[in-house]
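To keep things clear, I will list the structure first and then write my remarks on it.
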Amino acid sequence: MTRRLLAMAGMVALLGWATGANAEITGAITRQPTNWTAIAMFAGFVAITLWITGVAARRTRTVSDFYTGGGITGFQNGLAMAGDYCSAASFLGITSQIFNDGYDGLIYAIGFLVGWPIVLFLVAEKLRNLGRFTFADVASYRFLQGPVRGFSAISTLLVVSFYLIAQMVGAGQLIQLLFGLPYLYAIVVVGGLMMVYVLFGGMRATSWVQIIKAVMLLCGATAMVFGVMAHVGFSFEALFAHAVAVKTQVALDSGLSPADAATKGRAIMGPGGFIKDPISALSFGFALMLGTAGLPHILMRFFTVPDAREARKSILWATIWIGYFYALTFILGFGAIVMISFNPDYVDAGGLLRGGNNMAVMHLAHAIGGNLFLGFISAVAFATILAVVAGLTLSAASAISHDIYASVLQKGAAAPQKELRVSRITTVLLGIAAIVLGIVFEKQNVAFMVSLAFALAASGNFPVLVMSLLWKGCTTRGAAWGGGIGLLSAFILTVLSPVIWIAVLHFDHAIFPYSSPALFSVPAAFLAIWLISRLDQSPRAAIDKAAYPEQRLRSETGIGVHSAAAH
Amino acid sequence: MTNAQAPDRALEAKIALDPRYVALVRDRTRFSWLLTAITVVVYSSFISLIAFDKPFMARPIAGGTTTIAVALGAAMLIGTIAICAVYVRRANGEYDARFAALLTELTA
Chain L
93 MTRRLLAMAG MVALLGWATG ANAEITGAIT RQPTNWTAIA MFAGFVAITL WITGVAARRT
153 RTVSDFYTGG GITGFQNGLA MAGDYCSAAS FLGITSQIFN DGYDGLIYAI GFLVGWPIVL
213 FLVAEKLRNL GRFTFADVAS YRFLQGPVRG FSAISTLLVV SFYLIAQMVG AGQLIQLLFG
273 LPYLYAIVVV GGLMMVYVLF GGMRATSWVQ IIKAVMLLCG ATAMVFGVMA HVGFSFEALF
333 AHAVAVKTQV ALDSGLSPAD AATKGRAIMG PGGFIKDPIS ALSFGFALML GTAGLPHILM
393 RFFTVPDARE ARKSILWATI WIGYFYALTF ILGFGAIVMI SFNPDYVDAG GLLRGGNNMA
453 VMHLAHAIGG NLFLGFISAV AFATILAVVA GLTLSAASAI SHDIYASVLQ KGAAAPQKEL
513 RVSRITTVLL GIAAIVLGIV FEKQNVAFMV SLAFALAASG NFPVLVMSLL WKGCTTRGAA
573 WGGGIGLLSA FILTVLSPVI WIAVLHFDHA IFPYSSPALF SVPAAFLAIW LISRLDQSPR
633 AAIDKAAYPE QRLRSETGIG VHSAAAH
Chain A
983 MTNAQAPDRA LEAKIALDPR YVALVRDRTR FSWLLTAITV VVYSSFISLI AFDKPFMARP
1043 IAGGTTTIAV ALGAAMLIGT IAICAVYVRR ANGEYDARFA ALLTELTA
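The listed protein sequences derive, respectively, from chains L and A.
Quick note, the first sequence lines up with residues 93 to 659 if you use the working numbering.
Quick note, the second sequence lines up with residues 983 to 1090 if you use the working numbering.
This is the structure:
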């Protein structure tokens, strides 16, 4: 059954490919000649990962196998976390942002990284000690299950949707550029393969897809950095000086006076217009930092290792690989300025990147190593998208099947096979939703879409998790309503901010003036949880508070939890 | 939640009341909050510098092209990894050993 479905999925993907080659394209996208090297490399990756999925499918017997993959080491999990985190949106979005604005791209990268110590110090070991499958297991540990899990599931679905959109848009642009496929077909291929990984392989397959892809991505990016540094004689100073000279020349060509052009060239070495006002800057920074501790697909990774000790190691390894990766993207962004800016193959007469505004690093790959290397990097980037969307989908599917269906609707008494079936149906629906959303949001900057997901995670999941873990006075009502208020305020403020209100909805003036809501919505969530819990005099509140000492002991020691997980 | 074996309530109570356990939790909690505070303060300072003093950040180092912003950015990446390493080393070493010793003694 599984094998036949895998074969069918493969055929559907190929069919899309074949018919897509003849379809017409629209807009300013330049379709490249078909690159068989890249297609072969990507097909190889898909073949290996499908084989892993097949193996995983045979070994996935219990619900626990499906959600956690049955336990991997801290080092492996660290690589898989890095795989989840170093998404195609980071790889394409940040390098392109550095290509356009210089230093500003690094602000994103540092914000993404600096969330990891917060996760490590405050929540990681407690999560591993208390939880089983999803972070809602932890957030609702001593509370009435319905309200808190309901909130967590809604929050997970919202965060995952925004993150998914970014990934799908990246996939579409990449395949358009590389394989000569229309956007629509690229999105369908990604959505289809992602469904196959999650449907049949569950967490085990998703973990190994992540690990393989993380290794490929780190090796590929390292090789590219080597190419860039060889070009400038292995001197950072020379790289930066060269990039400034290039940007100055571009400004001169656009008709600026020599003095203005020099200023504009030097501007790439410092923070620029990306962060316009201090409030937006701080708000954005906190969204990135605290959002990491609330991303459902990252939090889910703490349950794939055996104990808190390995969970801590996972984070250290993840931080090392992610930090290394962002250092590489910084160099690649500057490398792109130096190596592709004046080449009409990569940049059009107006100075814009061919193939869409996230493609700087792909052009750089071609400039460094020709078609073969472009093929490899494209295969890696495409694999990255596949792996990340698979992880996202798994976390959203478990929010529905484990938190809503099994724990709330069936009160924890769902038959395991039925729970699995629900998560598979959810996966299919999510796959379809991802394809539709990917098409709707085609023209958005993908790195920005990721920051939206972070703001929601920071304002909804993070405060609920921290308060339920660390504050004994927290009650069911406080967690569910307070978290809801955080989520809702982040969502509403984002819609009213310039990035949606003006850029997407085309109103003249934004109602909320800052580009990120976190500085307001995160404190709002904490305050709401605190206030509602304090005012809560219900009988349930007494139960919630009385259960804290036991939860605390377990979260600190892990005692009594390992036996619970091995049912 | 279906526990395969009932948790040992007597042992849990003994651990919770043991002064060495209380001290261990206090030490680890204090250490993790200290490192959290350092992370938040350093990162907020970095973002504030970007927001409030762009000319300072754009100043070249030693007359070259490399700026203070680039050097601080690199320091942020390395420092983030380093502070994680400090915590994991202590938690997986000292704190885990203290708890293991306590558990061995109480279950003996």
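Where a beta carbon is used, it is the ideal one built from N, C-alpha and C, also for glycine.
Every value quoted in this text rests on a predicted model; they were computed, and no experiment measured them.
Please confirm whether residue i and residue j have their CB atoms less than 8 angstroms apart.
i, j, result
"residue 201 of chain L", "residue 422 of chain L", "yes"
"residue 218 of chain L", "residue 647 of chain L", "yes"
"residue 357 of chain L", "residue 468 of chain L", "no"
"residue 460 of chain L", "residue 316 of chain L", "yes"
"residue 394 of chain L", "residue 610 of chain L", "no"
"residue 67 of chain L", "residue 578 of chain L", "Nothing about residue 67 of chain L can be reported from this structure: the residues present for chain L run from 93 to 659 only."
"residue 152 of chain L", "residue 294 of chain L", "yes"
"residue 382 of chain L", "residue 246 of chain L", "no"
"residue 482 of chain L", "residue 252 of chain L", "no"
"residue 541 of chain L", "residue 554 of chain L", "no"
"residue 289 of chain L", "residue 278 of chain L", "no"
"residue 617 of chain L", "residue 249 of chain L", "no"
"residue 173 of chain L", "residue 406 of chain L", "yes"
"residue 511 of chain L", "residue 155 of chain L", "yes"
"residue 522 of chain L", "residue 489 of chain L", "yes"
"residue 206 of chain L", "residue 557 of chain L", "no"
"residue 645 of chain L", "residue 1083 of chain A", "no"
So the alpha helix (DSSP H) residue i belongs to, where does it begin and stop?
i, result
"residue 996 of chain A", "991-999"
"residue 566 of chain L", "Looking at the DSSP string, residue 566 of chain L is not in any alpha helix (DSSP H), and its letter there is neither H nor E."
"residue 402 of chain L", "400-432"
"residue 178 of chain L", "Careful: residue 178 of chain L lies outside any alpha helix (DSSP H) and carries neither H nor E."
"residue 1058 of chain A", "1050-1072"
"residue 350 of chain L", "350-358"
"residue 1076 of chain A", "Run containing residue 1076 of chain A: none; DSSP gives neither H nor E here."
"residue 199 of chain L", "196-210"
"residue 376 of chain L", "370-383"
"residue 625 of chain L", "610-627"
"residue 345 of chain L", "328-345"
"residue 218 of chain L", "217-222"
At the level of alpha carbons, what is the spacing between residue i and residue j?
i, j, result
"residue 990 of chain A", "residue 1023 of chain A", "42 angstroms"
"residue 165 of chain L", "residue 384 of chain L", "21 angstroms"
"residue 321 of chain L", "residue 441 of chain L", "27 angstroms"
"residue 400 of chain L", "residue 263 of chain L", "35 angstroms"
"residue 478 of chain L", "residue 171 of chain L", "16 angstroms"
"residue 340 of chain L", "residue 419 of chain L", "24 angstroms"
"residue 470 of chain L", "residue 281 of chain L", "15 angstroms"
"residue 336 of chain L", "residue 283 of chain L", "40 angstroms"
"residue 600 of chain L", "residue 345 of chain L", "32 angstroms"
"residue 582 of chain L", "residue 426 of chain L", "34 angstroms"
"residue 159 of chain L", "residue 633 of chain L", "31 angstroms"
"residue 185 of chain L", "residue 450 of chain L", "5 angstroms"
"residue 1062 of chain A", "residue 1021 of chain A", "8 angstroms"
Taking the beta carbon of residue i as the centre, do at least 16 other beta carbons fall within 10 Å, making it buried, or is it exposed?
i, result
"residue 1016 of chain A", "exposed"
"residue 314 of chain L", "exposed"
"residue 363 of chain L", "buried"
"residue 435 of chain L", "exposed"
"residue 507 of chain L", "exposed"
"residue 535 of chain L", "exposed"
"residue 389 of chain L", "buried"
"residue 494 of chain L", "buried"
"residue 355 of chain L", "exposed"
"residue 196 of chain L", "buried"
"residue 509 of chain L", "exposed"
"residue 603 of chain L", "exposed"
"residue 437 of chain L", "exposed"
"residue 636 of chain L", "buried"
Within the present structure, is the beta-carbon of residue i separated from the nearest heavy atom of the ligand GTP by less than 7 angstroms?
i, result
"residue 1046 of chain A", "Summarising the ligand content, the structure contains no ligands, and the ligand GTP is consequently not present."
8 angstroms is my cut-off, CB to CB: does residue i come that close to chain C?
i, result
"residue 1045 of chain A", "Absent from the structure is chain C; the protein chains it does hold are L and A."
**Request:** Identify each residue in the segment 404-437 of chain L for which the Cβ-Cβ distance to at least one residue of chain A is less than 7 angstroms, and report them in chain order.
**Result:** Listed in chain order, the positions of the segment 404-437 of chain L with a beta carbon within less than 7 angstroms of a beta carbon of chain A are 404, 405, 407, 408, 411, 412, 415, 418, 419.
**Request:** Could you please tell me which residues of the segment 349-370 of chain L, in chain order, have their CB closer than 8 angstroms to any CB of chain A?
**Result:** Identification of residues in the segment 349-370 of chain L having a C-beta nearer than 8 angstroms to some C-beta of chain A yields 358, 359, 361, 362, 363, 364, 367, 369, 370, given in sequence order.
**Message:** Tell me which residues of the segment 1056-1079 of chain A have at least one Cβ-Cβ distance to chain L shorter than 8 angstroms, keeping chain order.
**Reply:** Cβ contacts with chain L: 1056, 1058, 1059, 1060, 1062, 1063, 1065, 1066, 1067, 1069, 1070, 1073, 1074, 1078.
**Request:** Could you list the residues in the segment 308-321 of chain L with a C-beta less than 8 angstroms from some C-beta on chain A, going in chain order?
**Result:** Nothing from the segment 308-321 of chain L brings a Cβ to less than 8 angstroms from some Cβ of chain A.
**Prompt:** Can you list, in chain order, the residues of the segment 449-470 of chain L whose Cβ is nearer than 7 angstroms to any Cβ on chain A?
**Reply:** Listed by position along the chain: nothing, the set is empty.
**Asked** Of all the residues that make up the segment 193-216 of chain L, which are near chain A by a beta-carbon distance shorter than 7 angstroms?
**Response** Here the close residues are 195, 198, 199, 202, 205, 206, 208, 209, 210, 212, 213, 214.
**Item:** Members of the segment 373-405 of chain L near chain A, C-beta cut-off 9 angstroms
**Value:** Against chain A - using a Cβ distance shorter than 9 angstroms - the residues of the segment 373-405 of chain L are 373, 374, 376, 377, 378, 381, 400, 401, 404, 405.
**Request:** Compile a chain-ordered list of the residues in the segment 478-509 of chain L whose CB is closer than 7 angstroms to at least one CB of chain A.
**Result:** Sequence-ordered contacts of the segment 478-509 of chain L with chain A are nonexistent [C-beta pairs closer than 7 angstroms].
**Prompt:** For the segment 998-1009 of chain A, which residues have a beta carbon sitting closer than 9 angstroms to at least one beta carbon of chain L?
**Reply:** Taking 9 angstroms as the Cβ-Cβ cut-off, the segment 998-1009 of chain A approaches chain L at 998, 1003, 1006, 1007, given in chain order.
**Asked** Using Cβ-Cβ distances below 8 angstroms, what residues of the segment 130-149 of chain L are close to chain A?
**Response** For the segment 130-149 of chain L, no residue has a beta-carbon sitting nearer than 8 angstroms to a beta-carbon of chain A.
**Request:** Pull out every residue of the segment 1025-1036 of chain A whose Cβ sits closer than 8 angstroms to any Cβ of chain L, in chain order.
**Result:** For the segment 1025-1036 of chain A, which is checked against every Cβ of chain L, the residues closer than 8 angstroms are 1025, 1026, 1028, 1029, 1030, 1032, 1033, 1034, 1036.
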